[in-house]
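**Student:** Below: one structure in structure tokens.
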Ligand code: EPZ
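Residue numbers (the numbering used here): 1286 to 1705.
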């Protein structure tokens, strides 16, 4: 397993071009199954997770290739509607092919994703919505076997999600785009990645009202056509690098991104004392002195995103005062806490709340990455600690951060990959 060796202490400063969003790319790649001709998708990041989804779709017979950051897929001939456990177990987002397959072909067999390190993460809402659209669903031998009612098309319906689910909303709007009749969905997720998918579906000929709001109305069409589309910037990657500036009295300029995507995060950065300036496609964070302590609660969009919780916590570790961080989205997303404490942080957990008493500095240590965003909090902490830290299990970071070593090096971090 590869590791990172990081030698601090660095001032995190410089310019970094943000890649396309991982969490937008995955549903957009799944949506390439929907039209019966060619779709071209630009700004797709090169990541383990996007590779997995491309492999999954290729396995279904789609003619798909990635050239640089552009993916070209011709889904004229789809040979099977099957997503095997071997791929799904490496990436939960594989479940997103279920909606596309059911919508277009009225049939799908997709391995049920298991739990993961941040929580049990069921997909009951996805299945409940498909059932409401007339699908017959059986879970057998770890697989969801689903088929549309007689006639092979799902039927539009009114459905209210019991909770806000990003993946659930994405899966269902793909299916509803090709259903017979109108689907009215309440309590939809409004995350920018959901909006990006809805916009691409519209570019394919789908009829969707209420994009970016909790109520979406989708009038099903008989077929969708290919389109050319570009993935939005990765708001979490943007926020992760900007957070480095706050931890190190640094100065980070992120380009190819948009402040529109991360208002709640930028507001917290400002509350912590950073000077944030923005332009059409860039955001800069400049920090002088120690960060101020803040209180954060993760919420669905437009609240503070759970995917920035670990990185913000790393900033709070160095703050002047005590911060409170409440994790509301996932039941187990504090796995980075013991690792940050091993680096000298002072964090206490009480249920879903982490109480972070700021310390003056991190100390270097060997630590273990536990999930994708946790990995980034440890990388940033290591960069700010004086001396050598080793971060193990960095396969997590390879799943979601494009070109991470080069980007960190450009920001002044002394980082080296140790292959193992
Ligand atoms: C997406 O996961 C993201 N993943 C996650 O990013 C992100 O943390 C999450 O949304 C929340 O913003 C991708 O987009 C690929 P959910 P998703 O369905 O869709 C519960 C990262 O680091 N729930 O909104 O799986 C669920 O257990 C990652 O990039 C049900 O109970 O998240 C969770 O507690 C990790 N039943 C909550 O809802 C369901 O049927 C939110 O999950 C669906 C969800």
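A virtual CB, placed ideally from N, CA and C, is assigned to each residue, including glycine.
Small disclaimer: the values here were computed from a predicted structure and weren't measured.
Nearer than 8 Å: is that true of the beta carbon of residue 1615 relative to any heavy atom of ligand 1?
**Tutor:** By 1-based counting over the chain shown, the position of residue 1615 is 330. True, at least one ligand heavy atom lies under 8 Å from that Cβ.
**Student:** Look at residue 1539 and residue 1527 and say whether their C-beta atoms are less than 9 Å apart.
**Tutor:** Numbered from its first residue, the chain shown carries residue 1539 at position 254. Numbered from its first residue, the chain shown carries residue 1527 at position 242. Yes. Within cutoff.
**Student:** On a Cα-Cα basis, can you pick out the residue from 1321, 1605, 1522 that is closest to residue 1580?
**Tutor:** Here residue 1580 refers to the residue found at position 295 of the chain shown. Closest by alpha carbon: 1605.
**Student:** Should residue 1397 and residue 1420 be called a contact, given that it needs their Cβ atoms to be closer than 9 Å?
**Tutor:** Position 112 of the chain shown, counting from 1, holds the residue named residue 1397. Position 135 of the chain shown, counting from 1, holds the residue named residue 1420. No, these two residues do not count as a Cβ contact at 9 Å.
**Student:** Residue 1334 to residue 1521, Cα distance in whole Å?
**Tutor:** If you number the chain shown from 1, residue 1334 lands on position 49. If you number the chain shown from 1, residue 1521 lands on position 236. Answer to the nearest angstrom: the Cα atoms are 15 Å apart.
**Student:** What is the residue span of the beta strand (DSSP E) that residue 1651 lies within?
**Tutor:** On the chain shown, residue 1651 is found 366 positions in, with the first residue counted as 1. Counting along the chain, the beta strand (DSSP E) containing residue 1651 begins and ends at 1651-1653.
**Student:** Sorry if obvious, but does the Cβ on residue 1663 come closer than 8 Å to a heavy atom of ligand 1?
**Tutor:** By one-based count along the chain shown, residue 1663 stands at place 378. No - ligand 1 has no heavy atom lying nearer than 8 Å to the Cβ of residue 1663.
**Student:** Distance check for residue 1534 and residue 1599, CA to CA, integer angstroms please.
**Tutor:** Taking the chain shown and counting its residues from 1, the one referred to as residue 1599 is at position 314. Taking the chain shown and counting its residues from 1, the one referred to as residue 1534 is at position 249. The alpha-carbon atoms of residue 1599 and residue 1534 are separated by roughly 14 Å.
**Student:** Given a threshold of 16 other Cβ atoms within 10 Å of its Cβ, counted over all protein chains shown, does residue 1692 qualify as buried or as exposed?
**Tutor:** Along the chain shown, one-based indexing puts residue 1692 at 407. The residue in question, residue 1692, is buried, as its Cβ has 16 or more Cβ neighbours within 10 Å.
**Student:** What runs of the beta strand (DSSP E), each 3 residues or longer, lie entirely inside the stretch 1429-1514?
**Tutor:** 1443-1445, 1467-1471, 1492-1494, 1501-1504
**Student:** With which residues is residue 1367 paired in a DSSP beta bridge?
**Tutor:** In the chain shown, counting from the first residue as 1, residue 1367 sits at position 82. Per DSSP, 1394.
**Student:** Would residue 1628 and residue 1597 be called neighbours here (beta carbons separated by less than 9 Å)?
**Tutor:** Taking the chain shown and counting its residues from 1, one reaches residue 1628 at position 343. Taking the chain shown and counting its residues from 1, one reaches residue 1597 at position 312. No, they are not a contact pair.
**Student:** Assuming residue 1578 and residue 1643 are in contact, meaning their beta carbons sit under 8 Å apart, how far apart are those beta carbons, in whole angstroms?
**Tutor:** As a first step, residue 1578 is located in the chain shown; it is residue number 293 there, counting from the start. As a first step, residue 1643 is located in the chain shown; it is residue number 358 there, counting from the start. With a Cβ gap of about 6 Å, residue 1578 and residue 1643 count as contacting.
**Student:** Closest to residue 1458 by C-alpha separation, out of 1647, 1447, 1484, would be which residue?
**Tutor:** Working through the chain shown from its first residue, we reach residue 1458 at position 173. For the residues 1647, 1447, 1484, the minimum Cα distance to residue 1458 belongs to 1484.
**Student:** Between residue 1656 and residue 1402, is the Cβ-Cβ spacing less than 9 Å?
**Tutor:** Taking the chain shown and counting its residues from 1, one reaches residue 1656 at position 371. Taking the chain shown and counting its residues from 1, one reaches residue 1402 at position 117. In this structure, residue 1402 lies closer than 9 Å to residue 1656 by Cβ.
**Student:** For a quick check, are the C-beta atoms of residue 1661 and residue 1525 less than 9 Å apart?
**Tutor:** As a first step, residue 1661 must be located in the chain shown, where it is residue number 376. As a first step, residue 1525 must be located in the chain shown, where it is residue number 240. Yes, these two residues count as a Cβ contact at 9 Å.
**Student:** Can you name the residues that DSSP bridges to residue 1538?
**Tutor:** On the chain shown, position 253 is the one that residue 1538 refers to. Under the DSSP definition of a beta bridge, residue 1538 partners with 1300, 1569.
**Student:** Does the Cβ of residue 1704 have 16 or more other Cβ atoms within 10 Å, making it buried, or fewer, making it exposed?
**Tutor:** The residue labelled residue 1704 in the question sits at position 419 within the chain shown. Classification for residue 1704: exposed.
**Student:** Within the chosen definition, does the stretch 1380-1394 reach the stretch 1307-1322 through at least 3 CB pairs nearer than 8 Å?
**Tutor:** yes
**Student:** Excluding the five sequence neighbours on either side, which residues of its own chain have a C-beta within less than 7 Å of the C-beta of residue 1290, listed in chain order?
**Tutor:** One-based indexing of the chain shown puts residue 1290 at position 5. The residues are 1673, 1675, 1701, 1703.
**Student:** Closer than 7 Å by C-beta to residue 1634: which residues in its own chain qualify, once you throw out the five before and the five after it? Chain order, please.
**Tutor:** Position 349 of the chain shown, counted from the start, is the residue given in the question as residue 1634. Closer than 7 Å at Cβ, skipping near neighbours: 1619, 1622.
**Student:** Can you give me the C-alpha to C-alpha distance between residue 1651 and residue 1626, rounded to a whole angstrom?
**Tutor:** Numbered from its first residue, the chain shown carries residue 1651 at position 366. Numbered from its first residue, the chain shown carries residue 1626 at position 341. If I take the Cα positions, the gap works out to 12 Å.
**Student:** Given the structure, does residue 1782 come close to ligand 1, in the sense that its CB is under 8 Å from one of the ligand's heavy atoms?
**Tutor:** Shown here, the chain extends from 1286 to 1705; a query on residue 1782 therefore has no answer.
**Student:** Which ranges does the alpha helix (DSSP H) cover as unbroken runs of at least 4 residues, wholly within the stretch 1604-1670, from first to last along the chain?
**Tutor:** 1621-1627, 1657-1669
**Student:** Of all the options 1338, 1574, 1437, 1297, which has the alpha carbon lying nearest to the alpha carbon of residue 1463?
**Tutor:** Translated into positions along the chain shown, residue 1463 becomes position 178. When each option's Cα is compared against that of residue 1463, the closest is 1437.
**Student:** Does the distance between the C-beta of residue 1484 and the nearest non-hydrogen atom of ligand 1 fall short of 8 Å?
**Tutor:** Counted from its first residue, the chain shown places residue 1484 at position 199. Of the heavy atoms belonging to ligand 1, none sits nearer than 8 Å to the Cβ of residue 1484.
**Student:** Quick check on the DSSP output: the beta strand (DSSP E) that includes residue 1674 runs from which residue to which?
**Tutor:** Residue mapping note: residue 1674 aligns to position 389 of the chain shown, counting from 1. First-last of the beta strand (DSSP E) with residue 1674: 1672-1677.
**Student:** Rounded to the nearest angstrom, how far is the Cβ of residue 1681 from that of residue 1654, given a contact under 8 Å?
**Tutor:** On the chain shown, residue 1681 is found 396 positions in, with the first residue counted as 1. On the chain shown, residue 1654 is found 369 positions in, with the first residue counted as 1. The pair is a contact, with the Cβ atoms about 5 Å apart (cut-off 8 Å).
**Student:** Tell me which residue opens and which closes the beta strand (DSSP E) that residue 1683 is part of.
**Tutor:** Within the chain shown, the letter at position 398 stands for residue 1683. Bounds of any beta strand (DSSP E) do not take in residue 1683; it lies within the alpha helix (DSSP H) bounded by 1680-1685.
**Student:** Quick one: is the Cβ of residue 1480 within less than 8 Å of any heavy atom of ligand 1?
**Tutor:** If you number the chain shown from 1, residue 1480 lands on position 195. The answer is no for residue 1480.
**Student:** Please indicate yes or no: does the CB of residue 1658 lie closer than 8 Å to some heavy atom of ligand 1?
**Tutor:** Mapped onto the chain shown, residue 1658 falls at position 373. Indeed, a heavy atom of ligand 1 lies less than 8 Å from the Cβ.
**Student:** Measure the alpha-carbon distance for residue 1509 versus residue 1574 and round it to whole angstroms.
**Tutor:** As a position in the chain shown, residue 1509 is number 224, starting the count at 1. As a position in the chain shown, residue 1574 is number 289, starting the count at 1. Each residue's Cα considered, the two are about 54 Å apart.
**Student:** Between which two residues does the alpha helix (DSSP H) containing residue 1308 stretch?
**Tutor:** Counting from 1 along the chain shown, the entry for residue 1308 is found at position 23. Per DSSP, residue 1308 belongs to the alpha helix (DSSP H) from 1307-1316.
**Student:** Three-state secondary structure (DSSP) at residue 1689?
**Tutor:** Translated into the one-based positions of the chain shown, residue 1689 becomes position 404. DSSP places residue 1689 in helix when its eight states are reduced to three.
**Student:** Measuring CB to CB, does residue 1331 end up less than 9 Å from residue 1304?
**Tutor:** On the chain shown, position 46 is the one that residue 1331 refers to. On the chain shown, position 19 is the one that residue 1304 refers to. For residue 1331 and residue 1304, yes; Cβs fall inside 9 Å.
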